[in-house]
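Okay, here's the thing in structure tokens:
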């Protein structure tokens, strides 16, 4: 009689048993079954224990000693069950199954020789001859893996619930897609409102972005990109579009075939809005909301590039600067000045077309880019409209403020290729408008550029002139008209320019005023005059004469003026009455009280004060009488009116009468003829200077003059 037996053992993946593998055996007659299958047992990954009719162990395979750590002799000489199963109840159960094999696999932990508890499953087989076989399979690693997998799965579930991003998982085999609750919530949907297909996502993407997203996702699945990373707009449940970032990674099997793509979805809307705000702030003026210099340059560069493609294309730059804006700020305060800047920007925007650019590039400077105009007349027409618009006053603190602006215009020319050059040209033209009196416009010409370049060169040289000791003083004598004695001198600065030669003050003093260099230059003049006076008075102590020094507006209002004057006098030991300080009629008219206090401080220390160029300004009689001055200087323009045939000199008569009424001495400037001297003497003028008496003299020429007059 033949018997048929089958040995079956399981195969596990990371979680469950996925298959079984076995062998079938026939045992003919009384052949020892173990002897027949011994070669096979040696190759099976199972623990095999052969036992006799009474459950005693007959033999074991190598897997038993490998997994349990017992030597074969130990296991055969001792009670195997007591070694592997210390618990008596487990021993009894195991022995019972050996004699009465149950169906299927039984899970019974087993102790190894090292004290480790192994997770094991067992199968029991009973042969016809009463002997049997126990097959064991070590599932410890599988159990640990399964536990770790369950823990990871729990952690993943917790992560998807707690993370701010949405999670998606696309099964390429089944074409099913998992969307986490957070993924759906980002778009305003409940769990049941989104299906499980990839199209449930893709159909929500903005039409302009959808093809790009699909293409990049397809390329990643095909292995043409290392990862999927795409920003796009996606429709919210409320109909609006939000910005999102999808990231994903494809999973492939052992053969490289993609079977799954998983990733996340991030809401970028707030980030995009913040980026947009940052970009707006970077390109716009914070006060007015107009374009700033950066955005303006970009627009001008675009216009320049457009001009290269279209030779007939024209544009214009209008550089606008508010006239006397500092007066508004100083009198009303900077907050009121800001209100005016904001309203001016709004008015300029209303004047131009929507595609033109209005920018504020700093302070009270505005620039307009007129795009695609027909010609210069269009730009000039905008200038006229700006001036017309400003005829309407600005209402501020119940006051009506009239604003005037100077405008420089630069239009497109083929030889200008850079945005900064157009802005520079318009700025130069605006400066010329300022020089013309303001409240007007000037169109840039190349001659203006040459003048501006020369002016810049002059400014650079002026900054170095003091360090290089390039300034010098000339002195023009002042004579007493009664007896023709030398009354004193007026100090006149000259600049010995290294390349242009000797420059008169008309060439550089206005520039020094603008750049604030007039203060250190004025200090140099003051100290040099005192040193020269000291030397001359030491040489001629029996003769007294004075030197007149001009004070600019900036120098007069400088906080250290009085201190500088007194320091120069003290160090050189020059008597204060020998130094006469001249101010012009218009100096400090906007701050009369402050000017008066400064002059009183100088007067208190014994200095003489004179008003220069009298009659050319706009001072009132009350302003004049309020200042502690000692003399008036009649401007040369009035002296020129005295001719041999003209005996009517009403202006000079009025000035002299006013001076005498105020007990002031009078000095006439620009006297060039003898008949002028005679007439001025007849009118009661005290002193005079001009080419009739002498041109301005160098220091050496003054030395010679003094020798001739006092040592003859």
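Residue numbers (the UniProt record's numbering): 1 to 712. Even for Gly, the Cβ is constructed at its ideal location relative to N, Cα and C. Since we're looking at a predicted model, the values are computed, not measured.
I'd like to confirm the pairing. Which residues does DSSP put opposite residue i in its beta bridges?
i, result
"residue 177", "170"
"residue 608", "580"
"residue 488", "478, 546"
"residue 134", "49, 124"
"residue 106", "122"
"residue 472", "494"
"residue 614", "634"
"residue 688", "479, 668"
"residue 284", "291"
"residue 117", "111"
"residue 60", "49"
"residue 713", "In the structure displayed, the chain extends from 1 to 712; residue 713 sits before or after that span and is not available."
"residue 205", "234"
Excluding five sequence neighbours on each side, which residues of the same chain lie with their C-beta closer than 7 Å to the C-beta of residue i?
i, result
"residue 265", "165, 166, 168, 183, 186, 244, 246"
"residue 210", "202"
"residue 628", "599, 600, 603, 609"
"residue 550", "582, 612"
"residue 269", "242, 243"
"residue 614", "585, 632, 633, 634, 635, 655"
"residue 375", "314"
So, using beta-carbon positions, are residue i and residue j closer together than 8 Å?
i, j, result
"residue 195", "residue 238", "no"
"residue 633", "residue 650", "no"
"residue 314", "residue 411", "yes"
"residue 357", "residue 296", "yes"
"residue 386", "residue 435", "no"
"residue 287", "residue 340", "no"
"residue 669", "residue 689", "yes"
"residue 407", "residue 383", "yes"
"residue 432", "residue 442", "yes"
"residue 492", "residue 545", "no"
"residue 403", "residue 322", "yes"
"residue 409", "residue 429", "yes"
"residue 124", "residue 108", "no"
"residue 626", "residue 592", "yes"
"residue 458", "residue 511", "yes"
"residue 366", "residue 300", "no"
"residue 426", "residue 317", "yes"
"residue 547", "residue 489", "yes"
Alpha carbon to alpha carbon, how far is residue i from residue j?
i, j, result
"residue 522", "residue 502", "18 Å"
"residue 131", "residue 250", "55 Å"
"residue 568", "residue 530", "7 Å"
"residue 518", "residue 305", "43 Å"
"residue 394", "residue 401", "5 Å"
"residue 198", "residue 259", "14 Å"
"residue 423", "residue 303", "13 Å"
"residue 85", "residue 114", "13 Å"
"residue 470", "residue 497", "7 Å"
"residue 713", "residue 136", "Only positions 1 to 712 of the chain appear in the structure, and residue 713 is not among them; the question remains open."
"residue 392", "residue 331", "21 Å"
"residue 129", "residue 138", "28 Å"
"residue 220", "residue 262", "12 Å"
"residue 236", "residue 192", "16 Å"
"residue 254", "residue 122", "32 Å"
"residue 607", "residue 580", "6 Å"
"residue 472", "residue 527", "12 Å"
"residue 119", "residue 79", "21 Å"
"residue 561", "residue 415", "49 Å"
"residue 572", "residue 543", "18 Å"
"residue 704", "residue 594", "42 Å"
"residue 343", "residue 372", "26 Å"
"residue 126", "residue 99", "7 Å"
"residue 596", "residue 515", "25 Å"
"residue 337", "residue 346", "14 Å"
Looking only at its chain, what residues have a beta carbon closer than 6 Å to the beta carbon of residue i, apart from the 5 residues adjacent to it on each side?
i, result
"residue 230", "213, 216, 246"
"residue 694", "477"
"residue 50", "34, 58, 59, 133"
"residue 643", "none"
"residue 558", "519"
Ordered along the chain, which non-local residues of its own chain (more than five positions away) have a Cβ less than 8 Å from that of residue i?
i, result
"residue 71", "65"
"residue 162", "Confidence in residue 162 is poor, its pLDDT being 49 and thus under 50, which makes the residue's placement too unreliable to answer from."
Within the UniProt domain "GGDEF" (313-446), ranges of the alpha helix (DSSP H) (whole runs, at least 4 residues): With a minimum length of 4 residues, the continuous alpha helix (DSSP H) runs that stay inside the UniProt domain "GGDEF" (313-446) are 325-332, 334-351, 376-389, 419-435.
Runs of beta strand (DSSP E) lying entirely within the UniProt domain "PAC" (228-280), each at least 3 residues, in chain order: For the UniProt domain "PAC" (228-280), whole beta strand (DSSP E) runs of length 3 or above, ordered along the chain, are 228-235, 241-252, 258-267.
Any chance you could list the alpha helix (DSSP H) runs of at least 4 consecutive residues sitting entirely within the region 514-540, in chain order? If we require 4 residues or more, the alpha helix (DSSP H) runs fully inside the region 514-540 come out as 518-539.
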